[in-house]
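Top line first, the protein sequences correspond to chains A and B.
The opening position of the first sequence corresponds to residue 4 in this note's numbering, with each subsequent residue numbered one higher.
The opening position of the second sequence corresponds to residue 4 in this note's numbering, with each subsequent residue numbered one higher.
All C-beta atoms in this analysis are idealised placements derived from N, C-alpha and C, irrespective of residue type, glycine included.
There are 2 protein chains.
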Amino acid sequence: MVRTRPTARRDEILEAAAEVLASREGASVGDVAVAAGISRGTLYRYFPTRESLFAALEAAANEEARVRLGEANLDRVSVDEGLARATRALVAVGEHFIVLLRERRPPEPSFSEPLAVLLQRGQAEGEISSDCPVEVLVEALLVLVGVCTRTGRAIGMGAEDISSTALRLFLDGARVHSGG
Amino acid sequence: MVRTRPTARRDEILEAAAEVLASREGASVGDVAVAAGISRGTLYRYFPTRESLFAALEAAANEEARVRLGEANLDRVSVDEGLARATRALVAVGEHFIVLLRERRPPEPSFSEPLAVLLQRGQAEGEISSDCPVEVLVEALLVLVGVCTRTGRAIGMGAEDISSTALRLFLDGARVHSGG
DNA sequence: CATGAGCGAAACAGCGCTGTACGACGAGCG
DNA sequence: CGCTCGTCGTACAGCGCTGTTTCGCTCATG
């Protein structure tokens, strides 16, 4: 057994948990342990309860998304550019993000707020349609990123294609506008 | 106890199952029984196993969507009108549809095919963007209807508003185009 | 009123998962 | 070499859910 630092081991467990939860939702602690390559007892020494494991996973994913969206400086660029950055950030978070989308019990993860702010600014500037409530827009963007990630990966699209597809779908829709 | 025809009772059970599964995913047979207002034993006389209950629910929802999409004559109207009809049909199916979206094990429910055909025709006619794979478009439309239904209901939108919001989002996106 | 069918309530065994505990094993260290 | 620490494998109790069974009740029918 290769000895790793406890925190590194902890991160490995969370990584494995994110992966196994992304593939199927109702994974047990034993499944996570198998995916992480450790025994169930050892996993319970890192996370004393199932709930604590999932809470740590959610916190890590939220934190990662929060950091990435924070680094994107969404409030210092145009709405268009901000949405492009946000979409790339969300796609980059990948599996963790999907886990959040599927497992979310709270109404809103913390990282949805910068998106709401950005979209609200877009509406105020007349860039984003005001017909649609911001809540719906946020959910729509998140879910479009999710579906594009999932489906796109299945048919072999790369991260850049996935990001641009999701963004284009969200902003311009599926219709061809040049013709009328 | 008001005696009802067995088939009517069966439908009531399925209705209750759809409702309780729409609210939270991991519902037990007991939860469905409570929601249906019957005892667990009685429910097991209608559906001998949990799996048979869910299979019947999925079959009923698929059938309902199939019938509605069939009645919409998607292949005899323009792509625009067809998408409008399809969206209204999907929103009308409501809870059953959401259940399918959340619980779907098979890669594609049977009713997604007419949507794929319609969108493919739209791409061929130059009405729908060909940048995006049809698989992604179908998933995007389904998931947009789902999120608009869920979020829209939460903030008090009616079925007509939900349908038009989902359709507009899917076709034209969130951006305002008139201004350039 | 008598009968039978359908339902509710409850008890039961089986099973899988959770969380805990204990003995064994291997690696680093004095 | 002996000690300690971390891990593994395993066993265990507890719990909730599944699926079955039994008993008593109610309502519809003859």
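Residues of its chain near residue i, where Cβ-Cβ distance is below 7 Å and the 5 sequence neighbours each way are ignored
i, result
"ARG124(A)", "VAL82"
"LEU72(B)", "ALA89, ALA92, PHE114, PRO117"
"LEU144(A)", "LEU118, PHE173"
"LEU77(B)", "GLY85, ARG88, ALA89, PRO117, LEU121"
"ARG53(A)", "VAL32"
"ILE165(B)", "VAL94, CYS151, THR152, GLY155"
"SER167(A)", "none"
"PRO51(B)", "none"
"LEU170(A)", "LEU86, ALA87, THR90"
Endpoints, the alpha helix (DSSP H) within which residue i is located
i, result
"THR65(B)", "Per the sequence shown, the amino acid found at residue 65(B) is Asn instead of Thr. Unbroken alpha helix (DSSP H) run through ASN65(B): 53-74."
"ASP83(A)", "82-96"
"ALA38(A)", "32-39"
"ARG156(B)", "137-157"
"ARG3(B)", "With chain B covering 4 to 183 only, the question about residue 3(B) has no answer from this structure."
Cβ of residue i within 8 Å of any chain A Cβ
i, result
"GLY183(B)", "The predicted model places GLY183(B) with a pLDDT of 41, which falls under 50 and marks its position as unreliable, so this point remains unresolved."
"ILE101(B)", "no"
"ILE41(B)", "no"
"PRO51(B)", "no"
Cross-strand partners of residue i (DSSP beta bridge)
i, result
"ARG178(A)", "ILE131(B)"
Own chain, CB closer than 6 Å to residue i, minus 5 neighbours either side, in chain order
i, result
"GLU130(A)", "VAL82"
"LEU140(B)", "LEU122"
"ALA63(A)", "LEU17"
"ALA68(B)", "VAL96, PHE114"
"ALA20(B)", "VAL35, LEU60"
"ALA30(B)", "VAL23, LEU24"
"ALA162(B)", "VAL94"
"ALA157(B)", "none"
Within-8 Å CB hit, residue i to chain B
i, result
"GLY33(A)", "no"
"LEU60(A)", "no"
"GLY129(A)", "yes"
"SER132(A)", "yes"
"PRO136(A)", "yes"
Residues near residue i in its chain [Cβ-Cβ closer than 8 Å; skip 5 each side]
i, result
"ILE101(B)", "ALA25, GLY149, THR152, ARG153"
"TYR47(A)", "VAL32"
"PRO110(A)", "Caution is warranted here: a pLDDT of 47 is assigned to PRO110(A), below 50, making its placement in the model unreliable, and no coordinate value can be reported."
"VAL80(A)", "ARG88"
"VAL137(A)", "ALA119, LEU122, GLN123, GLN126"
"SER42(B)", "ALA36"
Residue i: CB within 7 Å of a non-hydrogen atom of the ligand ATP
i, result
"GLU54(A)", "Because no ligand of any kind appears in the structure shown, any question about the ligand ATP cannot be addressed here."
_Members of the region 167-181 of chain A that neighbour chain B once the beta carbon cut-off is set at 8 Å_ = THR168, ARG171, LEU172, PHE173, LEU174, ASP175, GLY176, ALA177, ARG178, VAL179, HIS180
_Residues within the region 138-157 of chain A neighbouring chain B, beta-carbon criterion of under 7 Å_ = GLU138, VAL139, LEU140, GLU142, ALA143, VAL146, LEU147, VAL150, CYS151, THR154, GLY155
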